[in-house]
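If you read the protein sequences in the order shown, they are chains H and X.
Taking our numbering, the leading residue of the first sequence gets 1, the next gets one more, and so forth.
Taking our numbering, the leading residue of the second sequence gets 1001, the next gets one more, and so forth.
Protein chains: 2
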Amino acid sequence: MRGRELVGQRSETVRRANLSAIARELHGRGALSRSELVARTGLTRSAIRGLISEFVAANLASETRSEPDGLPGRPSPLVQPRREAAVVLALEIAVDSLAAAIVGLDGTTIERLRIDLPRGHSSVEAVTRDLVRLTGRLRNLPRLRPALLGVGVAIVGVVRRDDGQVSTAPNLGWRDVPLGARLTTALDLGVPTFVANDADLGALIELRRGAARGADDLLFIAGEVGVGGGIVVAGRPLTGVAGYAGEIGHISVNPAGRSCRCGSTGCWETEIGEEALLRRAGLPAEGGRRAVDQVIAAAAAGEDQAVAAVNEVGRWLGIGIAGLVNVLNPRVVVLGGLFSNLAPLLIPRVEEELDRFALAAPRANVRVAAAQLGIDAPLLGAAELAFEPFLADPAAWLGARDDVAAASA
Amino acid sequence: MRGRELVGQRSETVRRANLSAIARELHGRGALSRSELVARTGLTRSAIRGLISEFVAANLASETRSEPDGLPGRPSPLVQPRREAAVVLALEIAVDSLAAAIVGLDGTTIERLRIDLPRGHSSVEAVTRDLVRLTGRLRNLPRLRPALLGVGVAIVGVVRRDDGQVSTAPNLGWRDVPLGARLTTALDLGVPTFVANDADLGALIELRRGAARGADDLLFIAGEVGVGGGIVVAGRPLTGVAGYAGEIGHISVNPAGRSCRCGSTGCWETEIGEEALLRRAGLPAEGGRRAVDQVIAAAAAGEDQAVAAVNEVGRWLGIGIAGLVNVLNPRVVVLGGLFSNLAPLLIPRVEEELDRFALAAPRANVRVAAAQLGIDAPLLGAAELAFEPFLADPAAWLGARDDVAAASA
């Protein structure tokens, strides 16, 4: 929200909204000059000065004289978010790996660990234990704990956002798991835990820092064993009534097709998921990531069966995307996961099917792009999720720090 | 928005937002007691009194002592919107009919005309001329012109909301028609024209006054020759980048199926639209509304082929809805147009397919209901569209009236 829209409000409301606008800029872009902050927020130079001084006083940012820029007049001071002054812990539960990261206030990753696991590793107890261990291996965490704002968790499953209840995660064999509460207890870090679907978080990060930057209407498609989707509409995540929206892998595209692990038949993911790719390439469907890499390499080398397999996945991918383009009229479709690795081969095929299957008007609005944040997209999206309460109202946190200071004075 | 959320804003902003809240209540529900307004807006009794006095001063509402209610204390005065103090003209361009209506400030229809036309009537010139004529036949319009706020138009086509440009209306054979500008000129009423897709407007009115009242997440499905959709997400219409969203009839559900008038193959509407129903019932696909009524009557009477035809449409309807429920996680799916007439027969079939094809979590959130506003839903939705600028900021209009009063004083 641009600051000048806020003119008609009382000063405390204005202050909080403006602090939020600045926190988002600093978190989203890192160091910025005061002039850039003026340009990007629409706030006056003197308002920016006052707001920045609050961040500096709270030790969340520092100001440095920027390099002379060769222009007349004084160079605009550079406002630098203090990376370690506020951090989050991000966790990811994928089908065949777990990951943990610490992300700093400036949006950069301070430390990151990922461990591969056999598919279906996957009891809730084992995953919880492994995540606690993985978190314990983050060297920087003990030092940064006082600056820890919260924990964000990405999971390959259907999540109720309110309370982090995993309704179902078919690829893990989970159902009705109170993951948020469990992890808060198991991690025992004294901060809240936020849980969301991995594709929703992939969409969020591609929008903020990746292929969809600047777009307000996005469809993110994450292809792995299952196919998930993250949808952003007018700048907001489409969550649906209870956070279950975006399960695009389970649109029926071929009622005469294969049965799906969800219990239905002919779901989109039976035609475009990892197993469909491997099957079409003549490999065992359960070959996993290594087999997928083999197909990618073979297709890149022009081997017939691999190319045909990728083309067939691309055809079905395009057919399904066309339908979703007609329903959602998005600006960008971002291909993530498996599809981002295959993007150079897939995108031309998808574009072709869009020309055939999508209506001309929404077709003309949309571009198809490969995800830029690769395998870490959901993990980095989880970090954004954990930063969100702070970014929405940094004043509450500045206030809390003041209280602490007053109490200890 | 509830009034009490607005506490932290400056008085003029608060006043405008509160006037809007009251205008929406009076327009949405008709006469309300002051006590009901207090309960519904969260504003204080004295704030309500002041705001109501502005509507009364502008002749937009009147206050009457309500009937004694048998409770102790004075009965709360009844605030009655003055139906004819602010009106809109609503127009609809359907495949086989045109309609015009005048809708009053209290949300009720003052006058309504519909004329049937042969399918594909449909040059832009002829439709424009017919709409101007139809409007000319509204007896009350000359008298109400000073109170006319705007014109709302529903059309069976893909519309860019900004400027009322019809990108494509396949069932009319239109492409790139600047309908908003054309109608503004042709009607020459001196008020703005707003154009939107008929299914989007059906969704709007079902949400405000029909089967989805109280829901924030809605999928409205209008079945006619084509199948259109109106999607509401978190209380806002899902328009997409350029207003083209909701073209659910052109999701590919059966790539081995029939070719569609959009140029694609196996679109959902080729399995569930009017022609599919007639074909399955053994009637000519181009039989039109009369043939459809015949099938409905035969199915209701239990005739085998008609029942089988409805069941098959229901099966495909359910398969497609299941996919959209997985993507959108809506609270209500409203069956409109053709489907609302068949709802008692269709809904059980749709529910069955939802059980089979939708994921358990979003399935548990959703109910399927018949549209309540029947064939006039898009027309009445168009009236809401034309009322929207006034409802969003009645203060601007009250102000304008003050200026007029001051100028003529």
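Yeah, the Cβ is synthetic: ideal placement off N, Cα and C, and Gly gets one too.
Cutoff 9 Å: residue i Cβ touching any chain X Cβ
| i | result |
| --- | --- |
| VAL253 (chain H) | yes |
| ASP432 (chain H) | Residue 432 (chain H) is absent from the model: chain H starts at 1 and stops at 409. |
| ALA245 (chain H) | yes |
| ASP96 (chain H) | no |
| VAL227 (chain H) | no |
| ALA256 (chain H) | yes |
| THR44 (chain H) | no |
| ILE248 (chain H) | yes |
| THR64 (chain H) | no |
CB contact flag (residue i, residue j, <9 Å)
| i | j | result |
| --- | --- | --- |
| GLU1269 (chain X) | ILE1319 (chain X) | no |
| LEU1172 (chain X) | VAL1156 (chain X) | yes |
| GLU1271 (chain X) | GLY1257 (chain X) | yes |
| ALA386 (chain H) | ALA39 (chain H) | no |
| LEU283 (chain H) | ALA291 (chain H) | yes |
| VAL333 (chain H) | VAL350 (chain H) | yes |
| ALA242 (chain H) | ASN1365 (chain X) | yes |
| ALA100 (chain H) | ARG112 (chain H) | yes |
| THR1184 (chain X) | PRO1192 (chain X) | yes |
| GLY1190 (chain X) | GLY1164 (chain X) | no |
Alpha-carbon to alpha-carbon, residue j and residue i
| i | j | result |
| --- | --- | --- |
| ASP393 (chain H) | SER20 (chain H) | 6 Å |
| SER1062 (chain X) | LEU1144 (chain X) | 18 Å |
| LEU1207 (chain X) | LEU1218 (chain X) | 8 Å |
| ARG175 (chain H) | ALA1281 (chain X) | 43 Å |
| GLY240 (chain H) | ARG1356 (chain X) | 20 Å |
| ASP1096 (chain X) | THR1128 (chain X) | 15 Å |
| PRO1081 (chain X) | HIS1027 (chain X) | 7 Å |
| ALA1395 (chain X) | SER167 (chain H) | 46 Å |
| GLN1372 (chain X) | ASP1116 (chain X) | 21 Å |
| GLY107 (chain H) | ARG114 (chain H) | 19 Å |
| GLU224 (chain H) | LEU1324 (chain X) | 21 Å |
| GLY210 (chain H) | ARG29 (chain H) | 12 Å |
| ALA285 (chain H) | GLU1388 (chain X) | 54 Å |
| ASP1402 (chain X) | ASN1018 (chain X) | Low local confidence applies: a pLDDT of 47 at ASP1402 (chain X) is under 50, so the model's placement there is unreliable, with the coordinate-based value given in what follows. Using only the alpha carbons, I get a separation of about 19 Å. |
| GLY136 (chain H) | ILE321 (chain H) | 41 Å |
| LEU398 (chain H) | LEU1328 (chain X) | 37 Å |
| ILE251 (chain H) | VAL1368 (chain X) | 18 Å |
| GLY287 (chain H) | ASP293 (chain H) | 10 Å |
Short CB-CB distance (under 9 Å) between residue i and chain H
| i | result |
| --- | --- |
| LEU1398 (chain X) | no |
| PHE1357 (chain X) | yes |
| GLY1164 (chain X) | no |
| THR1270 (chain X) | no |
| PRO1389 (chain X) | no |
| THR1416 (chain X) | With chain X represented from 1001 up to 1409, any question about residue 1416 (chain X) goes unanswered, as that position is not in the structure. |
| THR1185 (chain X) | no |
| GLY1214 (chain X) | no |
| PRO1330 (chain X) | yes |
For residue i: DSSP bridge partner residues
| i | result |
| --- | --- |
| VAL225 (chain H) | In DSSP, VAL225 (chain H) forms no bridge with anything. |
| GLY152 (chain H) | H:ALA90, H:PHE194 |
| SER122 (chain H) | In the DSSP output, where bridge partners are listed per residue, SER122 (chain H) has none listed. |
| TRP174 (chain H) | H:ALA169 |
| ARG1112 (chain X) | X:ALA1101 |
| THR64 (chain H) | H:LEU78 |
| CYS1267 (chain X) | X:SER1252 |
| GLY1336 (chain X) | X:ALA1222 |
| LEU1032 (chain X) | X:VAL1079 |
| SER259 (chain H) | H:THR265 |
| ARG367 (chain H) | H:VAL332 |
Own chain, CB closer than 7 Å to residue i, minus 5 neighbours either side, in chain order
| i | result |
| --- | --- |
| GLU472 (chain H) | As displayed, chain H neither begins before 1 nor continues past 409, which places residue 472 (chain H) out of reach and without an answer. |
| GLY1374 (chain X) | SER1340 |
| ALA1343 (chain X) | LEU1335, ALA1370 |
| VAL132 (chain H) | ALA186, LEU187 |
Same chain, Cβ closer than 8 Å to residue i, five either side skipped, listed in chain order
| i | result |
| --- | --- |
| LEU37 (chain H) | ILE22, GLU25, LEU43, ILE48, ILE52, VAL79 |
| VAL227 (chain H) | ILE221, ILE248, GLY249, TRP268, GLU269, ILE272, GLY273 |
| LEU1238 (chain X) | ILE1231, VAL1232, ALA1245, GLY1246 |
| VAL87 (chain H) | ILE102, VAL103, GLY104, LEU105, ILE110, LEU144, ALA147, LEU148, LEU149 |
Cβ shell of residue i (< 6 Å), same chain only, five flanking positions each side left out
| i | result |
| --- | --- |
| VAL1153 (chain X) | LEU1091, VAL1195, ALA1382 |
| ASN1059 (chain X) | ALA1085 |
| ARG15 (chain H) | none |
Interface residues of the segment 358-374 of chain H facing chain B [CB-CB below 7 Å] | Absent from the structure is chain B; the protein chains it does hold are H and X.
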